[in-house]
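**Q**
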Amino acid sequence: MTQTAPGPKTPTTPPPEVIHVHDHRVACDGGGGALGHPRVFLEIGEDGQATCGYCDRLFVLDGDGH
Ligand SMILES: [Zn+2]
5 MTQTAPGPKT PTTPPPEVIH VHDHRVACDG GGGALGHPRV FLEIGEDGQA
55 TCGYCDRLFV LDGDGH
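Just so we're aligned, residue 5 is where the sequence shown starts under my numbering, counting upward by one.
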């Protein structure tokens, strides 16, 4: 017999922040301040999005001229 545990103890991870940008090249520093990270530049590919390897922010290219 299997029972589903009512209270999973998995930590709640907040969903990655989605940043809408208008350029294929974006810079991310984690938002600056003490919670930031070294500034990195991300190149948005043909899928129209890029993820920051430091803070997992998702950068989505907003519109492409249409
Ligand atoms: Zn970042």
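All residues carry an ideal CB built from backbone N, CA and C; glycine is no exception.
Give every residue of the same chain whose Cβ lies closer than 7 Å to the Cβ of Gly40, excluding the five residues on either side of it in the sequence, and list them in chain order.
**A** So the list reads Asp33 and Gly34, once near-sequence residues are dropped.
**Q** Is there at least one non-hydrogen atom of ligand 1 closer than 6 Å to the beta-carbon of Arg29?
**A** No, since every heavy atom of ligand 1 falls outside the 6 Å radius drawn around the Cβ of Arg29.
**Q** Could you check whether the Cβ of Arg61 sits closer than 6 Å to any heavy atom belonging to ligand 1?
**A** Arg61: yes, Cβ under 6 Å from ligand 1.
**Q** What is the rounded straight-line gap between the Cα of Val64 and the Cα of Thr16?
**A** Looking at the two C-alpha atoms, the distance is approximately 24 Å.
**Q** Would you say the beta carbon of Gly34 is closer than 6 Å to some non-hydrogen atom of ligand 1?
**A** Correct: Gly34 has its Cβ closer than 6 Å to ligand 1.
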